[in-house]
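In our numbering, the protein residues as written are 477 to 577.
Comments concern the structure below.
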């Protein structure tokens, strides 16, 4: 089993950025930095709901119902992509911005 982890940033329940790490510690460092940055920002964003999530990549992919994993969800294409990125992409802390508002 892999130690790949992902850190997701959401705005009002929608993923706006995700970053993957081959090394769990590097992922946790990025997550901690994101939480700290988020806590500084919260007072300036009004009613927007921001979240930073840390999870195991395989666990995240299995969390979607089969119907969503088969293409009816915004993230479905990205879930399969998570398993196919080049190792260097992970080690460099690769990310993908899905959309911004």
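Every residue gets a Cβ at the ideal spot worked out from N, C-alpha and C, and that includes glycine.
Between residue 486 and residue 514 a beta carbon distance of about 11 Å is seen, past the 8 Å cut, so the two are scored as non-contacting. Residue 496 and residue 535 have their alpha carbons spaced roughly 13 Å apart. For residue 516, there is no enclosing beta strand (DSSP E); the residue is part of the alpha helix (DSSP H) that begins and ends at 500-517.
In the DSSP assignment, residue 482 falls within the beta strand (DSSP E) that extends over 481-487. Here the alpha carbon of residue 482 sits roughly 20 Å from the alpha carbon of residue 525.
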